[in-house]
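Protein chains in written order, with our numbering: chain A, 30 to 224; chain B, 30 to 224; chain C, 30 to 224; chain D, 30 to 224. Just so you know, even glycine gets a beta-carbon here, dropped at the ideal spot from N, CA and C.
Number of protein chains: 4
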Amino acid sequence: MGKKGDLTKRHIKEQAMTLFAEKGFKDVTMKDVCEAAGLSRGGLYLHYGSTGQIFADIIDDLMNAQKDEFSEKIGQGASAKEILLQVLERYKNEMMDTKGALSVAIYEFFSADDAKRDNALLRQYLKSRSMWKQLLEYGIDRKEFNDVDVDAVFDLIVFSYQGVRMYGTLMAIDEQTPERIISLIKTILLTNAEV
Amino acid sequence: MGKKGDLTKRHIKEQAMTLFAEKGFKDVTMKDVCEAAGLSRGGLYLHYGSTGQIFADIIDDLMNAQKDEFSEKIGQGASAKEILLQVLERYKNEMMDTKGALSVAIYEFFSADDAKRDNALLRQYLKSRSMWKQLLEYGIDRKEFNDVDVDAVFDLIVFSYQGVRMYGTLMAIDEQTPERIISLIKTILLTNAEV
Amino acid sequence: MGKKGDLTKRHIKEQAMTLFAEKGFKDVTMKDVCEAAGLSRGGLYLHYGSTGQIFADIIDDLMNAQKDEFSEKIGQGASAKEILLQVLERYKNEMMDTKGALSVAIYEFFSADDAKRDNALLRQYLKSRSMWKQLLEYGIDRKEFNDVDVDAVFDLIVFSYQGVRMYGTLMAIDEQTPERIISLIKTILLTNAEV
Amino acid sequence: MGKKGDLTKRHIKEQAMTLFAEKGFKDVTMKDVCEAAGLSRGGLYLHYGSTGQIFADIIDDLMNAQKDEFSEKIGQGASAKEILLQVLERYKNEMMDTKGALSVAIYEFFSADDAKRDNALLRQYLKSRSMWKQLLEYGIDRKEFNDVDVDAVFDLIVFSYQGVRMYGTLMAIDEQTPERIISLIKTILLTNAEV
DNA sequence: TATGAATGAGTCTTCATTCAT
DNA sequence: AATGAATGAAGACTCATTCAT
Numbered sequence: 030m031g032k033k034g035d036l037t038k039r040h041i042k043e044q045a046m047t048l049f050a051e052k053g054f055k056d057v058t059m060k061d062v063c064e065a066a067g068l069s070r071g072g073l074y075l076h077y078g079s080t081g082q083i084f085a086d087i088i089d090d091l092m093n094a095q096k097d098e099f100s101e102k103i104g105q106g107a108s109a110k111e112i113l114l115q116v117l118e119r120y121k122n123e124m125m126d127t128k129g130a131l132s133v134a135i136y137e138f139f140s141a142d143d144a145k146r147d148n149a150l151l152r153q154y155l156k157s158r159s160m161w162k163q164l165l166e167y168g169i170d171r172k173e174f175n176d177v178d179v180d181a182v183f184d185l186i187v188f189s190y191q192g193v194r195m196y197g198t199l200m201a202i203d204e205q206t207p208e209r210i211i212s213l214i215k216t217i218l219l220t221n222a223e224v
Numbered sequence: 030m031g032k033k034g035d036l037t038k039r040h041i042k043e044q045a046m047t048l049f050a051e052k053g054f055k056d057v058t059m060k061d062v063c064e065a066a067g068l069s070r071g072g073l074y075l076h077y078g079s080t081g082q083i084f085a086d087i088i089d090d091l092m093n094a095q096k097d098e099f100s101e102k103i104g105q106g107a108s109a110k111e112i113l114l115q116v117l118e119r120y121k122n123e124m125m126d127t128k129g130a131l132s133v134a135i136y137e138f139f140s141a142d143d144a145k146r147d148n149a150l151l152r153q154y155l156k157s158r159s160m161w162k163q164l165l166e167y168g169i170d171r172k173e174f175n176d177v178d179v180d181a182v183f184d185l186i187v188f189s190y191q192g193v194r195m196y197g198t199l200m201a202i203d204e205q206t207p208e209r210i211i212s213l214i215k216t217i218l219l220t221n222a223e224v
Numbered sequence: 030m031g032k033k034g035d036l037t038k039r040h041i042k043e044q045a046m047t048l049f050a051e052k053g054f055k056d057v058t059m060k061d062v063c064e065a066a067g068l069s070r071g072g073l074y075l076h077y078g079s080t081g082q083i084f085a086d087i088i089d090d091l092m093n094a095q096k097d098e099f100s101e102k103i104g105q106g107a108s109a110k111e112i113l114l115q116v117l118e119r120y121k122n123e124m125m126d127t128k129g130a131l132s133v134a135i136y137e138f139f140s141a142d143d144a145k146r147d148n149a150l151l152r153q154y155l156k157s158r159s160m161w162k163q164l165l166e167y168g169i170d171r172k173e174f175n176d177v178d179v180d181a182v183f184d185l186i187v188f189s190y191q192g193v194r195m196y197g198t199l200m201a202i203d204e205q206t207p208e209r210i211i212s213l214i215k216t217i218l219l220t221n222a223e224v
Numbered sequence: 030m031g032k033k034g035d036l037t038k039r040h041i042k043e044q045a046m047t048l049f050a051e052k053g054f055k056d057v058t059m060k061d062v063c064e065a066a067g068l069s070r071g072g073l074y075l076h077y078g079s080t081g082q083i084f085a086d087i088i089d090d091l092m093n094a095q096k097d098e099f100s101e102k103i104g105q106g107a108s109a110k111e112i113l114l115q116v117l118e119r120y121k122n123e124m125m126d127t128k129g130a131l132s133v134a135i136y137e138f139f140s141a142d143d144a145k146r147d148n149a150l151l152r153q154y155l156k157s158r159s160m161w162k163q164l165l166e167y168g169i170d171r172k173e174f175n176d177v178d179v180d181a182v183f184d185l186i187v188f189s190y191q192g193v194r195m196y197g198t199l200m201a202i203d204e205q206t207p208e209r210i211i212s213l214i215k216t217i218l219l220t221n222a223e224v
């Protein structure tokens, strides 16, 4: 527990994350990581054999860090609308945070090699879907949300969100865009969308 | 016009396009293109100095090939709903066409280097936006569409479309997803969406 | 026929052969060959992808260069004893030529990797065997040689020859050794070995 | 004597021997030995500074283990022919034992570097020679062996033996070969070789 | 004694790019 | 226009070796 090697690994991941955020996945070399982490060639290879391993480790950490943000609140009988407004607010901010880190890298990483694409992303998507469905059904039950096609709304939310995030790294997206998308989603869900 | 060099260039672009579709942008080398095009090193360099030039040329061709599909029909007084259903049908098919070519490469190309992101994508986005706004306003005018926030609906359509296309290259997306998204968009726009 | 590339290849093989003779197979690096041949890194890789390929090519050349030295003379009805004495004389000289080139390298090369050992050496051995058997049987027929076990004598000749060549590269072998071995072989074969 | 360090050294040598037998000398790295011996890098270096040291140590052990197998029997007035047949039987078995360990490694080790070839092999050769000469002269004295050139016969025996052992690691040698060679040697030595 | 993290040198390998023909 | 040999730089990867603990 907590050996020296683990510290170094964490340090490598932190430095590498910055690089991935800046340059995407494919343009980061082991040499880059060495220099960023202040490690020698051999020193880095002691811990990771490729940028792919580093990236996969980072992704793993991120995914494990993500928890179900809805369940607890639903358990406490919170208002579905409140929960929704909160998460949409967060989504909006993330959509606007263009440099927001890893989307480019993730895209390159998972598109690189069939071996990688297997699971991680899909698992993440499914997890997110089950969370959202729970919320949406909860809201519909409580008559807080309109009686929509839960799957459709989820797909619309998640893919428009991802679309904006990705295109935001490629071109200057109008600041109003996230705003507008979020509003429209509210309109779809909330009966009296006096947002 | 129509010199031999242009023929060779076209041939190079065709072969390179296949490579870009397979491997994305960053992983295609000039060497790859040489081999694919059956040209010698020197021969290729006579026409293009880098994969970036080839790709930019390809993108250019694609964008120039895209014409305003709505204007004409609107001019002829066609039904807004009909126009909408047609284009959404096309979008749906494109969303399902996973290998559908260049999205990965485009993403890598435009995310690569600030110099490149200039505006090609943005121009494309704006062009698309003005086309859609024209259609949407036309439909609202004719009472065929609900009285929605035109900009918001456009953003929702285009970014959810792009989101699906991109994620479709990263993971196995449920075949129903494009279906559902398109239906939901219809619901938003069409008063009696008995789709 | 006779392109520039072939000239370069020959040049590479010549320079590499010197290196292999000096250092054996495993200690010669592609870098060594580059420098010896006066070629750049990339230049060498244009022609050969590994020292193994170079070595295999050299071995191939050597084996193809080797011709049946007995057949013709036998066809001319030459004296078996004369043919024998000539070839044994050559063997003796080769046994004494310690630096004599590639034995170390050959040993390392063929012992390296099961894939390589398959054939080349065995084929060479079998070719040599059939040549020798022809000579020995010819000599026995003509009553010039004693009525020996042809296979046994061949094995004794070839393996003692190889044993001396190999050990000669490892330690200082008595100059008389080849002499003695050759004489003994003559005694075995020739009825009145007043050699 | 008999310290813990000696135990570790013996353990290292045993594990390394396996590696040398498998891969020859040049391809075994200190890292390999670490892993095989279950030692850390630093731990191994405490005992040996290079694979050369380990190998030299192993060779030393082997040579010291070799004792004069003839003297004693000769002293007891045993039959020369019996002694001969026994040792030739052993040689035959060793020739057939292809994986029989260290010949490749020995060859690479002693051919590697002039510094190493000093004399270990030569000493071994001379020791073996004096043993054999003693036996051969003993047999000739007792009229059990033909009156051969003792040095010549020794060289023939030892080098054909070594030749077979070495080539046996490079190519598939006919199982009959050792048989035939040994028989022929008996024929040379024994008057009535009704073997 | 022993550990294992870290260093740095050496080699491999692949390309973008040039140039004589 | 086109060829393809050649260059040289960049990055990958592996070890021998050291050293703080």
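For residue i, list the residues DSSP reports as bridge partners.
| i | result |
| --- | --- |
| residue 84 of chain A | Paired residue(s): none; residue 84 of chain A is not in a bridge. |
| residue 219 of chain B | B/174 |
Hey, residue i and residue j are a contact pair by Cβ (cut 8 Å); roughly how many whole angstroms apart?
| i | j | result |
| --- | --- | --- |
| residue 213 of chain B | residue 164 of chain B | Not really, about 18 Å apart at Cβ, beyond 8 Å. |
| residue 57 of chain B | residue 44 of chain B | Not a contact, Cβ separation roughly 10 Å. |
| residue 76 of chain C | residue 41 of chain C | 6 Å |
| residue 209 of chain C | residue 178 of chain D | 6 Å |
| residue 207 of chain B | residue 125 of chain B | 5 Å |
| residue 10 of chain C | residue 149 of chain C | Because chain C in this structure spans residues 30 to 224, residue 10 of chain C falls outside the shown range and cannot be described. |
| residue 121 of chain B | residue 211 of chain B | 5 Å |
| residue 84 of chain B | residue 54 of chain B | 6 Å |
| residue 59 of chain C | residue 73 of chain C | 6 Å |
Does DSSP classify residue i as helix, strand or coil?
| i | result |
| --- | --- |
| residue 111 of chain B | helix |
| residue 205 of chain A | helix |
| residue 98 of chain B | coil |
| residue 44 of chain C | helix |
| residue 104 of chain B | helix |
| residue 213 of chain B | helix |
Point to revise | Meets three-Cβ-pair contact criterion under 8 Å: the stretch 206-223 of chain A and the stretch 155-163 of chain A | key: no
**Study point:** Segment contact flag, the stretch 179-196 of chain D with the stretch 192-206 of chain C, C-beta cutoff 8 Å, min 3 pairs
**Key:** yes
Review point. With contact counted as at least three CB pairs below 8 Å, one residue from each stretch, are the stretch 34-48 of chain A and the stretch 73-83 of chain A in contact?
Key: yes
Practice item. Identify every run of the alpha helix (DSSP H) within the stretch 119-195 of chain C, keeping only runs that are complete inside it and at least 4 residues long; order them along the chain. Key: 132-141, 143-146 and 149-170
Exercise for review: Check whether the stretch 197-210 of chain D touches the stretch 129-141 of chain C, taking contact to mean three or more Cβ pairs, one atom from each stretch, closer than 8 Å.
Suggested key: yes
Exercise for review: Mind listing, in chain order, the continuous alpha helix (DSSP H) runs of no fewer than 4 residues lying wholly within the stretch 51-96 of chain B?
Suggested key: 59-66, 70-76 and 80-94
Exercise for review: State whether the stretch 166-176 of chain A contacts the stretch 166-181 of chain B, with contact taken as three or more CB pairs (one from each stretch) at a distance under 8 Å.
Suggested key: no
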